[in-house]
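Chemist: Residue numbers (this note's numbering), protein chains in the order written: chain A, 136 to 344; chain B, 136 to 344. We put the CB at the ideal spot given by N, CA and C, even for glycine.
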DNA sequence: GTTAGCATGTAAGGAGTTACATGATTTT
DNA sequence: AAAATCATGTAACTCCTTACATGCTAAC
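1. Can you tell which of 146(A), 153(A) and 152(A) has the C-alpha that lies nearest to the C-alpha of residue 162(A)?
2. Looking at residue 170(B): is its Cβ nearer than 8 angstroms to the Cβ of residue 296(A)?
3. Taking the alpha carbon of residue 177(A) as the reference point, which residue from 241(A), 293(A) and 157(A) has its own alpha carbon closest?
4. Can the beta-carbon of residue 277(B) be found less than 8 angstroms from the beta-carbon of residue 300(B)?
5. Under three-state DSSP, which class holds residue 155(A)?
6. Which residues mark the beginning and the end of the alpha helix (DSSP H) in which residue 314(B) is found?
7. Can you tell me whether DSSP reads residue 189(A) as helix, strand or coil?
8. With a 10 Å radius around its C-beta and 16 neighbouring C-beta atoms as the bar for buried, classify residue 142(B) as buried or exposed.
9. Cα-Cα, which of 153(A), 267(A), 280(A) and 193(A) is closest to residue 165(B)?
10. Start and end of the beta strand (DSSP E) containing residue 216(B)?
11. For chain A, is any of its Cβ atoms less than 8 angstroms away from the one on residue 289(B)?
12. Please report the straight-line C-alpha distance between residue 187(B) and residue 283(A), rounded to a whole angstrom.
13. Can you list the residues of chain B that residue 167(A) reaches, using a CB-CB cut of under 7 angstroms?
14. Are there 16 or more other CB atoms within 10 angstroms of the CB of residue 241(B), so buried, or fewer, so exposed?
15. Taking all protein chains shown into account, do 16 or more other C-beta atoms lie within 10 angstroms of the C-beta of residue 292(B), making it buried, or fewer, making it exposed?
16. Suppose you measure from the CA of residue 225(A) to the CA of residue 174(A); what does that come to, to the nearest Å?
17. Which residue from 272(B), 244(B) and 217(B) puts its Cα closest to that of residue 260(B)?
18. Ends of the alpha helix (DSSP H) at residue 277(B)?
19. Distance cutoff 8 angstroms, beta carbons only. Does residue 252(A) sit that close to anything in chain B?
20. Report, in whole angstroms, the separation of the C-beta atoms of residue 192(B) and residue 222(B), which I expect to be a contact under 8 angstroms.
21. Less than 6 angstroms between C-beta atoms, sequence neighbours within five positions excluded: which residues of the same chain meet that for residue 168(B)?
22. With DSSP as the reference, label residue 232(B) as helix, strand or coil.
23. Within this structure, are the beta carbons of residue 151(A) and residue 230(A) separated by less than 8 angstroms?
24. With DSSP collapsed to three states, give me the class of residue 194(B).
25. Counting only Cβ pairs nearer than 7 angstroms, list the residues of chain A close to residue 309(B).
26. Of all the CB atoms in chain B, is at least one closer than 8 angstroms to the CB of residue 175(A)?
27. Relative to chain A, which residues along the segment 236-251 of chain B have a C-beta separation below 9 angstroms, given in chain order?
28. Please report whether the beta-carbon of residue 231(A) lies at a distance below 8 angstroms from any beta-carbon of chain B.
29. If you measure from the beta carbon of residue 198(A) to each beta carbon in chain B, is any gap under 8 angstroms?
30. Using the Cα positions of residue 258(A) and residue 287(A), report the straight-line distance between them to the nearest angstrom.
31. What three-state label does DSSP hand residue 240(A) in the structure shown?
32. Can you list, in chain order, the residues of its chain whose CB lies under 7 angstroms from that of residue 271(A), leaving out five sequence neighbours each side?
33. For residue 216(B), which option in 195(B), 228(B) and 236(B) has the closest C-alpha, if you only look at C-alpha atoms?
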């Protein structure tokens with residue numbers, strides 16, 4: 136239950152883990168974290184906060200939340216600073232530990248990746264490989280489709296499909312580099328990649344599912 | 136009115152322009168046309184067809200639509216082959232001629248591009264430039280955000296943002312190449328790019344809006 | 001004194017998905 | 001006889017956006 140907006144939930148929880156914040160600031164931080172174009176709207180964020188509050192994962196930080204006290208020095212409109220509860224921290228830890236199919240989706244992967252610094256090394260590799268395998272499956276499908284229809288389609292359709300193909304191929308290479316870095320720096324946290332060009336393992340590590 | 140699913144509407148109309156088809160086949164063709172991963176579901180396609188039918192843009196092709204005649208040679212379940220009506224052709228032509236902001240969106244651009252072979256040369260360039268300018272705006276925003284937070288974020292967040300940035304930069308280069316090809320082959324339809332490396336024009340052609 | 005930024009929220013709706021319901025035909 | 005593929009459709013639900021409603025403070 137309460138599965139909706141898993142990606143957004145995780146982003147909010149992860150950012151509140153760093154420091155308590157109010158909604159307006161949270162929105163900017165989420166946009167910066169995953170800033171590749173999509174802009175989170177208040178119509179999404181505030182209902183999400185409300186739900187997290189209901190579920191007891193976050194709570195208002197009464198020391199920082201200012202009510203509209205007219206005599207106070209700090210003017211500003213009443214704002215609600217939220218902080219993580221113990222349950223919230225626990226729930227976030229659970230989300231971080233997930234490495235199943237749900238963490239390989241387009242939307243979800245980015246959020247998981249953004250919090251990799253707080254993710255267990257083994258989980259990191261599992262997520263990266265899962266994501267890569269998912270993309271390679273897709274690639275296979277697109278390549279087949281391209282081969283079947285090649286020369287029967289106009290140059291624009293071809294260019295579009297080819298560009299899409301290359302984009303995914305590029306992402307797979309990126310993931311492979313990250314996986315190699317993780318493997319060579321295994322066990323340690325946050326180190327520079329080794330001086331020798333690491334060899335890429337080409338076979339699948341896991342049989343997909 | 137009737138604005139919903141503009142991208143899907145256009146894809147369906149464009150494919151039916153080639154040849155009459157029934158829903159099941161249409162789904163596969165749409166997936167092949169824009170096959171970069173997302174798979175169109177029946178829950179989207181059939182309601183869309185129904186609406187296009189209501190609006191008189193498509194009609195059942197009675198010569199090919201087989202009712203469940205039990206005595207017939209061709210067994211198979213009753214299937215409904217749709218064809219474009221005159222209004223449908225007209226509407227598709229209007230969609231093809233659009234070069235405003237709506238054709239620069241992530242979803243919509245692909246569909247417009249896929250039918251470029253049937254699009255006027257001037258419109259093609261306008262759409263390509265609009266799309267490129269939109270991406271460059273975005274790029275500016277992301278670069279600013281990256282500069283503000285650089286060194287304050289961990290290496291994973293940085294890697295994510297950098298990868299996103301490079302993806303968009305790559306798409307901009309792709310668009311610039313296409314624009315150059317269009318410009319040098321101006322007026323003509325479907326010719327190979329010229330032997331001399333065309334120079335890239337770097338300044339904005341249109342002042343955004 | 002008005003524009004821009006800070007701050008929180010709701011209502012309506014758009015664009016899809018998944019899961020279900022149904023059933024024929026072809027391949028293994 | 002089971003599984004895959006062909007074929008059409010609906011209901012419920014998800015996740016998100018736009019537009020609205022409200023009002024305060026700072027800067028120009």
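Modeler: With the given structure in hand:
1. Here residue 162(A) corresponds to residue number 27 of the first chain, with the count starting at 1. Residue 162(A) has its Cα closest to that of 146(A), out of 146(A), 153(A) and 152(A).
2. Looking up residue 170(B) in the second chain gives position 35. Looking up residue 296(A) in the first chain gives position 161. Cβ atoms of residue 170(B) and residue 296(A): closer than 8 angstroms.
3. To locate residue 177(A), count along the first chain from 1; it is residue 42. Of the listed residues, the one whose Cα sits closest to residue 177(A) is 157(A).
4. Position 142 of the second chain, counted from the first residue, corresponds to residue 277(B). Position 165 of the second chain, counted from the first residue, corresponds to residue 300(B). Yes. Within cutoff.
5. Here residue 155(A) refers to the residue found at position 20 when the first chain is read from its first residue. Of the three classes helix, strand and coil, the one that applies to residue 155(A) here is coil, per DSSP.
6. For the purposes of this step, residue 314(B) is taken as the residue at position 179 of the second chain. Segment 290-319, the alpha helix (DSSP H) holding residue 314(B).
7. Position 54 of the first chain, counted from the first residue, corresponds to residue 189(A). Looking at residue 189(A) - three-state DSSP - the assignment turns out to be helix.
8. On the second chain, residue 142(B) is found 7 positions in, with the first residue counted as 1. Label assigned to residue 142(B): buried.
9. As a position in the second chain, residue 165(B) is number 30, starting the count at 1. The shortest C-alpha separation from residue 165(B) is found at 280(A).
10. Within the second chain, residue 216(B) is the residue found at index 81, counting from 1. Note, residue 216(B): beta strand (DSSP E), 216-219.
11. Within the second chain, the letter at position 154 stands for residue 289(B). For residue 289(B), the answer is yes, since a Cβ of chain A falls inside 8 angstroms of its Cβ.
12. Counting from one through the second chain, the residue named residue 187(B) turns up at place 52. Counting from one through the first chain, the residue named residue 283(A) turns up at place 148. Looking at the two C-alpha atoms, the distance is approximately 29 angstroms.
13. In the first chain, the residue the question calls residue 167(A) occupies position 32. 280 and 284, listed in chain order.
14. Mapped onto the second chain, residue 241(B) falls at position 106. With fewer than 16 other Cβ atoms within 10 Å, it is exposed.
15. Counted from its first residue, the second chain places residue 292(B) at position 157. Counting Cβ neighbours within 10 Å, residue 292(B) comes out buried, since at least 16 surround it.
16. If you number the first chain from 1, residue 225(A) lands on position 90. If you number the first chain from 1, residue 174(A) lands on position 39. Approximately 28 angstroms between the Cα atoms of the pair.
17. As a first step, residue 260(B) is located in the second chain; it is residue number 125 there, counting from the start. When each option's Cα is compared against that of residue 260(B), the closest is 244(B).
18. By one-based count along the second chain, residue 277(B) stands at place 142. Where residue 277(B) is concerned, the enclosing alpha helix (DSSP H) stretches over 256-284.
19. Taking the first residue of the first chain as 1, we reach residue 252(A) at position 117. So, interface residue.
20. If you number the second chain from 1, residue 192(B) lands on position 57. If you number the second chain from 1, residue 222(B) lands on position 87. Sure, about 6 angstroms apart at Cβ, within 8 angstroms.
21. Along the second chain, read from residue 1 onward, the residue named residue 168(B) stands at position 33. Closer than 6 angstroms at Cβ, skipping near neighbours: 249.
22. Reading the second chain from its first residue, position 97 is the one you call residue 232(B). Of the three classes helix, strand and coil, the one that applies to residue 232(B) here is helix, per DSSP.
23. Here residue 151(A) refers to the residue found at position 16 of the first chain. Here residue 230(A) refers to the residue found at position 95 of the first chain. For residue 151(A) and residue 230(A), no; Cβs fall outside 8 angstroms.
24. Numbered from its first residue, the second chain carries residue 194(B) at position 59. Of the three classes helix, strand and coil, the one that applies to residue 194(B) here is strand, per DSSP.
25. On the second chain, residue 309(B) is found 174 positions in, with the first residue counted as 1. Correct list: 298.
26. Counting from 1 along the first chain, the entry for residue 175(A) is found at position 40. Not closer than 8 angstroms to any Cβ of chain B, the Cβ of residue 175(A) fails to qualify, so no.
27. 241, 245, 248, 249, 250 and 251
28. Walking along the first chain from the start, residue 231(A) turns up at place 96. So no, residue 231(A) is outside the interface.
29. For the purposes of this step, residue 198(A) is taken as residue 63 along the first chain, with counting starting at 1. No, its Cβ sits nowhere closer than 8 angstroms to a Cβ of chain B.
30. Numbered from 1 along the first chain, position 123 holds the residue referred to as residue 258(A). Numbered from 1 along the first chain, position 152 holds the residue referred to as residue 287(A). The alpha-carbon atoms of residue 258(A) and residue 287(A) are separated by roughly 44 angstroms.
31. Translated into the one-based positions of the first chain, residue 240(A) becomes position 105. Coil at residue 240(A), not helix or strand.
32. Start at 1 with the first residue of the first chain, and residue 271(A) comes out as number 136. Correct list, in chain order: 307.
33. Sequence index remark: in the second chain, residue 216(B) carries index 81 (1-based). Nearest C-alpha to residue 216(B): 195(B).
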